[in-house]
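Just so we're aligned: 205 in the numbering used here is position 200 of the sequence shown, and the numbers increase by one with no gaps anywhere.
Only one structure is covered here, and it is reproduced in the block below.
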Amino acid sequence: MSMQVSNRLSIEGAPVLKTKVPGPKSLEFLEVQDKLETSSRSYTGFFKFALDYGKGSTVVDMDGNVFIDWFGGVSVMNLGHGHPAVIGALREQLEKMTHVTEIPTEARIRYLKTLNSVLPGKMKDNSKILMTVTGADACEAAVSLARFNSKKPTIIAFTGSYHGIAGGIVGATSNYHYRDYAGFASQNYVYAPYPYPYRFSGQSKSEDISKQVITRIEEMITDPYSGVPPVGGIIVEPIQGEGGYIVPPDDFLPMLRETCDEHSIPLIIDEVQSGIGRTGKLWASEHYNVTPDIMCISKSVGGGIPISSVAYRKDFDNIPKAFHLGTYRGNPLGLAAGAAILNVVKEEKFLERVRTKGKYVLNRFEEIQSRSKIIGEVRGKGYMISNEIVKNKEDKTPGTELAGSIRESMFKKGVLMHTCGHFGNVMRFMAPLTIEDDLLDRGISIFEQAVKETEVRA
Ligand SMILES: Cc1ncc(COP(=O)(O)O)c(C=O)c1O
């Protein structure tokens with residue numbers, strides 16, 4: 006692959022390691038943090054360093070070490086750090102005002118118009134937008150909207166789902182530990198199996214998986230003895246994020262849409278992680294030509310400024326004024342960044358590059374898989390790609406510790422790559438969509454070295 010020289014956003018030659026990682030300055034910062042901040046932190050265990058700044062797809066720690074960033078603060082930096090369009094929009098807004106509650110500003114109107122004009126399918130230029138702050142916040146408001154409109158209490162979520170851990174939505178997040186920690190009751194959520202071809206019980210052919218899942222959902226909805234009270238909404242990730250970058254069979258979302266239509270059940274599509282170009286379409290649901298009734302948007306839309314939004318059908322807007330509240334909904338900085346980001350990512354040329362390069366990266370991972378004993382499956386769309394790590398390919402026993410060790414080894418070599426998955430055994434590629442070719446190739450080589458080293462020790 007040729008190296009891109011013009012318009013380069015990242016630091017040349019990354020990774021560059023000047024000290025052992027973590028270096029002495031990082032250690033000092035980590036020590037203070039340990040003393041003063043809650044022990045409820047995860048990422049400081051995965052990536053033990055302190056950061057100074059970021060540029061494109063690279064970040065620099067306090068000791069001057071330069072890392073390739075395939076982490077992006079958990080898929081928030083789709084345009085990378087310090088993208089000129091985002092910085093420009095933020096600078097301009099910073100001079101004007103940094104907070105106002107609900108009152109229209111230029112940034113708010115531009116964001117509303119821009120977002121509306123790029124929504125998927127029938128939502129385009131035909132939706133209402135509710136401002137929220139975090140991903141969980143957006144999903145929670147989406148569920149409230151579905152329940153209010155359907156007048157039915159039960160929400161179907163899926164195994165492997167992650168929609169956040171706020172009190173009203175934690176029930177839709179599949180890992181029960183989070184509910185335990187939160188101390189909130191589950192609040193009328195029931196679970197259907199997500200079509201996860203690699204691990205779908207019964208080892209069905211992929212064509213049958215969607216059918217089995219939809220049949221189960223139909224039972225939940227129509228059988229008075231299913232044990233499920235009336236269903237008032239279904240919340241789904243079009244490609245699962247935290248669950249393991251799981252791509253469902255192509256017919257799954259269209260079939261789910263059909264079921265929702267048949268029973269007048271609002272379909273909530275959570276694009277918090279899969280949206281903003283991550284999969285090579287602006288929204289992952291566009292791969293399947295499915296229009297949501299309600300859609301959750303967050304993470305990369307704010308380019309690092311916490312904003313989120315719920316877009317929904319206009320006829321769902323018959324809600325009371327105080328249906329949803331929140332001082333910080335729609336921060337002007339986030340909205341200014343949001344419009345600028347959408348304007349970059351919506352371009353077909355930009356998305357086409359993500360699809361083409363995404364295929365290249367997927368193929369490179371598949372080549373590594375063919376030489377490896379511990380990569381059970383490579384899957385993904387665009388730049389949402391995963392390698393599922395297993396102890397052996399025959400029985401697919403999850404390689405949770407192996408994945409942890411690959412992450413650690415890559416970190417020590419200067420590449421940030423994080424895990425996900427039901428068992429924390431999936432290495433996920435979530436590099437900025439703007440990453441330069443040389444950083445892709447170098448990162449992939451480092452991934453292969455880390456896999457080889459881990460395999461030898463397995
Ligand atoms: C699909 C999805 N929905 C919702 C959330 C929750 O977002 P937040 O962490 O901003 O609350 C996440 C977070 O990872 C997510 O991946």
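Glycine residues also receive a C-beta, built at the ideal position from the N, C-alpha and C atoms.
- When the five nearest sequence neighbours on each side are left out, the beta carbons in the same chain lying within less than 6 Å of the beta carbon of D298 are those of P271, L272 and R318, in order along the chain.
- Rounded to whole angstroms, the separation of the alpha carbons of G169 and D142 is 8 Å.
- DSSP lists E393 as the bridge partner or partners of E382.
- Per DSSP, the continuous alpha helix (DSSP H) segment holding M415 begins and ends at T405 to K418.
- The C-alpha of T103 lies about 16 Å from the C-alpha of G331.
- For A162, the enclosing beta strand (DSSP E) has its first and last residue at T159 to F163.
- Residue pairing of M300 in beta bridges, as defined by DSSP: I274 and A316.
- Of all alpha-carbon atoms in I226, L84, L14 and N70, the one lying nearest the alpha-carbon of A344 is that of L84.
- The beta-bridge partner set that DSSP reports for D66 consists of L56.
- With contacts defined by Cβ atoms closer than 8 Å, L407 and I390 do not form a contacting pair.
- Taking 7 Å as the cut-off, the C-beta of S303 counts as close to a heavy atom of ligand 1.
- With respect to C425, Y181 sits apart: the two C-beta atoms are not nearer than 8 Å.
- The straight-line gap separating the alpha-carbon atoms of V420 and S314 is approximately 31 Å.
- Residue ranges of uninterrupted alpha helix (DSSP H) with 4 or more members, entirely inside the region 106-159 and ordered along the chain, are 111-122 and 140-155.
- Taking every protein chain shown into account, the CB of E36 has fewer than 16 other CB atoms within 10 angstroms, so this residue is exposed.
- Separation of R113 and G335 (C-alpha to C-alpha, rounded to the nearest whole angstrom) is 7 Å.
- Taking a contact to require three or more Cβ pairs closer than 8 Å, the region 438-456 and the region 11-25 qualify as touching.
- When DSSP states are grouped into helix, strand and coil, R433 belongs to the strand group.
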